């Protein structure tokens, strides 16, 4: 994604701002920036655009940046009433393009804006957007005030983006540790509340965080991990299906049967018979290994002795 770094040693120069409401069937006309940057803040529904040939959707709670010299055009008519706030400004200090967000970047001297991003704190940014319109239109006779408020607004946008990308990495790190703990403790009767307690987190908060990062619920992930364990035991032991269900902490055999067939498209016995060449007669599971990955290799007929 394209990133631009604005040197803030001098304030940004305000040009124009406004709020646009479209009806159904509206499409953005072609436009090209000169020395100015245009920021569009989506406040209602979505608009399909193209910036320098790159398809972009401006949605509510997102910001779109069109940098100096760039062209933008609508790609399809709106199917719903849509709204966005727009702002034009000129940088009075150097502007430079960068490829990646620097690890040691100093927020105090420059601001970085991407092409498009979703707000980390949408309520705050949308409130500031409303203030921006008020400040820039009541300060028409005082451009100094308008310039400084626009500089403040852009700095808040840049800070929101900065926090968003770091929060995302932080959240992914937490979820990865949760997944690792589930994998390492797959031989126990896993409960969401116990996992949350292990990480000193509220159960509901952890469930929301896990779903946001992975796209699936933590209960679904636990069940998938348990089914992977069941697959492993079917391939590496002579335990009965009922015994394997109990060992994987499925107390309802019929539920285990349905879930196993849903995940593998085979019944447990059919699954075992399909991969008879990988039978290894070892019911123990080493928590140091990713059972799912081991199972995938066992299904290919690779001997367990060559895996570790």
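Residue numbers (this note's numbering): 4 to 311.
Just so it is clear, CB atoms sit at the ideal spot from N, CA and C, and this is done for glycine as well.
Quick caveat: nothing in here was measured; it's all calculated off a predicted structure.
- Fully enclosed beta strand (DSSP E) runs of no fewer than 3 residues occupy 85 to 93, 98 to 101, 113 to 117 and 119 to 121 of the stretch 81 to 138, in order along the chain.
- Among the bridge pairs identified by DSSP, residue 21 is matched with 89.
- The bridge partners DSSP lists for residue 41 are 69 and 91.
- Straight through space, the alpha carbons of residue 14 and residue 215 are spaced by roughly 37 Å.
- When the Cα atoms are used, residue 183 and residue 225 turn out to be separated by approximately 11 Å.
- In the three-state scheme derived from DSSP, where H, G and I count as helix and E and B as strand, residue 9 is classed as strand.
- Rounded to the nearest angstrom, the gap between the Cα atoms of residue 242 and residue 231 is 15 Å.
- Residue environment for residue 244: buried (at least 16 other C-beta atoms within 10 angstroms of its C-beta).
- The criterion of a C-beta distance shorter than 8 Å is satisfied by residue 267 and residue 274.
- Beta bridge pairing from DSSP links residue 58 with 53.
- With fewer than 16 other CB atoms across the displayed protein chains lying within 10 angstroms of its CB, residue 175 is exposed.
- In the DSSP assignment, residue 47 forms a beta bridge with 86.
- Exclusion of the five residues before and after residue 53 leaves 76 and 78 as the residues of its chain whose Cβ lies within less than 6 Å of its Cβ.
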